[in-house]
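S.K.: One structure is given below, represented as structure tokens, and several questions about it will come after.
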Amino acid sequence: MPRIDPAALRALDPDTLDRLRAEELRLLLRSPVRDPPAGGQAAPAPARAFQRGLPGFAPTPLRDAPELARALGVARVSIKDESSRLGLPAFKMLGVAWAGHRAVVARLGLDPERVTSVEALAAAVADGPPLRLVAPTDGNHGRAVARFARTIGVAAHVVVPAAMRPARITAIAEEGASVEQIDGNYDDAVAHAAETVRRGPHDLLISDTTNGVEDAVAGWVIEGYETIGAEIDEALDERPELVLVPIGVGGLAAAIARSLPDPRTRLVGVEPLEAASTMASVAAGRLLMLPGDTDSMMAGLSCGTPSEAAWPIVAPAYAAHLAIGDAAARAGMRVLRELGIAGGECSGGVVGALLQAVDRAPAALGLTAGSTVVLIATEGVTDADGYDALVGPAGVARD
Ligand SMILES: Cc1ncc(COP(=O)(O)O)c(C=O)c1O
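The sequence shown finishes on residue 399 if you use full-length UniProt numbering, and the numbering steps up by one all the way, no holes.
Have a look at this one:
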């Protein structure tokens, strides 16, 4: 049974461990029901072909972290490093570009078999009626929508919650989007964006969730994210035993369930304590909306309601759900920096959740000295001042 060896990792000094232990850890274990592999990789070919044609596309690295493996007492830990993807510091453009493409193609009545590249889409948009992409966001999704809109030559309007850090708002505005900050949380922003689009004849909703909104976009977002699982599968020479995935509305979690379909791979969802809406929904056996304040340092995961598009895929597939506090995320960010990865709050959350689970409930995840673990580190530094305050200056790798 693995035990943390703090000496194997400098960031895990006794103080850090003590702080982690003082934090609450919520853990829900399940018997997942997963379909056996349907033969080959599931990531949809048209989405991957479209993404490969985007300027600057490259698979993100899967980094081996032997120090972390040693510290946790397992055979191998690999970190899927999404700190830079398509020119932005998070994985989100994978979903936004594919969903945005499909949504604009549909709005303009074009044939998706013919308009298959971003250049062809931009040319079609230039000849078409006015169009504005509208997105609710807790940060990364909206920034990607703003960038995609600029790439294809249309306007973007991004709705953000009250608690969003100024640096993240500035980053969205610098992509050329108008930003509307509402007096509410992320779920309120989702509802507000949907209402805006209902009133705007030229508006097109590009949301990564579906709460109360009937459209296909969130499903296309999931298809776009499936590339991450496919790349993990292509980079690894063995089947991962455990994969930890951060969960906001669950779109990424659904994509990983689909694109790493082998039932022997156990999937673990990670959420903030304040916004563990998927964990609560799984426990209740139905989709729940959490009442009250859902804000946490892990802004991308601060969602009070799972996506209706993701929920039916996620609910049966995950073997465990972990909910952690901000101290765990901060410890995880420090460990990532120790490993030479500038990981933001959500990335730190996944690392911190694994540390906390191994330390506090060592048997729960079924890890052994022979286990191989993959962590999906979904964001880099999206708020430089916040990062510096939490872990010290960005980009300072281990000496
Ligand atoms: C950095 C980061 N990680 C993870 C997630 C969670 O993805 P999802 O909302 O699809 O569950 C988000 C969502 O915004 C995010 O920004």
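For each residue, glycine too, the CB sits at the ideal point set by N, CA and C.
The structure displayed is predicted, hence computed values, not measured ones.
(1) Let me have the residue list for ligand 1: C-beta closer than 5 Å to any non-hydrogen atom, ordered along the chain.
(2) Can you tell me which of the three DSSP states residue 166 falls into?
(3) I'd like the span of the alpha helix (DSSP H) that includes residue 32, first residue to last.
(4) According to DSSP, is residue 219 part of a helix, a strand, or is it coil?
(5) Across the region 267-274 and the region 313-324, are there enough close Cβ pairs to call them in contact, namely three or more that are closer than 8 Å?
(6) First and last residue of the beta strand (DSSP E) that includes residue 269?
(7) Quick one, which of 29, 20 and 68 has its alpha-carbon nearest residue 339's?
(8) State buried or exposed for residue 202, treating a residue as buried only when at least 16 other CB atoms are found within 10 Å of its CB.
(9) So for residue 373, helix, strand or coil by DSSP?
(10) Please classify residue 14 as buried or exposed, where buried requires at least 16 other C-beta atoms within 10 Å of its C-beta.
(11) For residue 249, count the other beta carbons within 10 Å of its own beta carbon; 16 or more makes it buried, fewer makes it exposed. Which is it?
(12) Would residue 277 and residue 75 be called neighbours here (beta carbons separated by less than 8 Å)?
(13) For residue 108, does the three-state DSSP call read helix, strand or coil?
(14) Could you tell me the distance, in whole angstroms, from the CA atom of residue 290 to the CA atom of residue 186?
(15) Smallest Cα separation from residue 221: which of 383, 94, 107 and 23?
(16) Among residues of its own chain, excluding the 5 on either side of residue 92, which ones have a beta-carbon nearer than 7 Å to its beta-carbon?
(17) Using 8 Å as the threshold, is the C-beta distance between residue 299 and residue 164 below it?
(18) Does DSSP put residue 152 in a helix, in a strand, or in coil?
(19) Are three or more beta carbon pairs between the region 154-162 and the region 129-137 nearer than 8 Å?
(20) Are the beta-carbon atoms belonging to residue 314 and residue 257 less than 8 Å from one another?
(21) State buried or exposed for residue 347, treating a residue as buried only when at least 16 other CB atoms are found within 10 Å of its CB.
(22) Spatial neighbours of residue 223 within its chain, please: C-beta separation below 7 Å, excluding the five flanking residues on both sides.
(23) What are the start and end residues of the alpha helix (DSSP H) that includes residue 14?
(24) For residue 342 and residue 333, what's the separation of their Cα atoms in angstroms?
(25) Taking DSSP as the reference, what is the three-state secondary structure of residue 262?
(26) By the 10 Å Cβ neighbour count, where 16 or more other Cβ atoms means buried, how is residue 266 classified, buried or exposed?
(27) Taking the C-alpha atoms as reference points, what is the distance between residue 39 and residue 115?
(28) Which class does residue 90 belong to by DSSP, given the choice of helix, strand or coil?
(29) In this structure, how does DSSP classify residue 417 when only helix, strand and coil are distinguished?
(30) Are the CB atoms of residue 191 and residue 207 within a distance shorter than 8 Å?
(31) Nearest to residue 168 by alpha carbon, out of 79, 183 and 137?
(32) Can you list, in chain order, the residues of its chain whose CB lies under 7 Å from that of residue 150, leaving out five sequence neighbours each side?
(33) Are the beta-carbon atoms belonging to residue 335 and residue 350 less than 8 Å from one another?
(34) One question on the structure: do residue 77 and residue 381 come within less than 8 Å of each other, judged by their Cβ atoms?
(35) With a cut-off of 8 Å on the beta carbons, I'd call residue 282 and residue 337 a contact; round off their distance for me.
(36) With a CB to CB cut of under 8 Å and the five nearest residues on each side skipped, what residues in its chain are close to residue 443?
M.R.: Reading it off the structure:
(1) 90, 140, 246, 247, 248, 249, 250, 251, 252, 300, 346, 378 and 379
(2) helix
(3) Element bounds for residue 32: n/a, residue is neither H nor E.
(4) In this structure, residue 219 counts as helix in the three-state DSSP scheme.
(5) yes
(6) 266-272
(7) 68
(8) exposed
(9) strand
(10) exposed
(11) Burial call: buried.
(12) no
(13) coil
(14) 12 Å
(15) From the listed residues 383, 94, 107 and 23, the smallest Cα separation to residue 221 is found for 94.
(16) 140, 141 and 144
(17) The beta carbons of residue 299 and residue 164 sit closer together than 8 Å.
(18) helix
(19) yes
(20) yes
(21) Sixteen is the threshold: when 16 or more other Cβ atoms of the shown chains lie within 10 Å of the Cβ of residue 347, as they do, the residue is buried.
(22) Only 44, 47 and 98 meet the Cβ criterion.
(23) 14-22
(24) For residue 342 and residue 333, the distance between alpha carbons rounds to 8 Å.
(25) Residue state, collapsed to three classes: coil.
(26) buried
(27) Because the pLDDT of residue 39 is 49, which lies under 50, any placement of that residue in the model is unreliable, and the number read from its coordinates should be weighed accordingly. So the two alpha carbons sit approximately 29 Å from each other.
(28) Of the three classes helix, strand and coil, the one that applies to residue 90 here is strand, per DSSP.
(29) Because the chain in this structure spans residues 1 to 399, residue 417 falls outside the shown range and cannot be described.
(30) no
(31) Closest option to residue 168, judged by alpha-carbon separation, among 79, 183 and 137: 137.
(32) 175 and 176
(33) Contact: no.
(34) no
(35) Not a contact, Cβ separation roughly 32 Å.
(36) Residue coverage of the chain in this structure runs from 1 to 399, which leaves residue 443 outside it and unanswerable.
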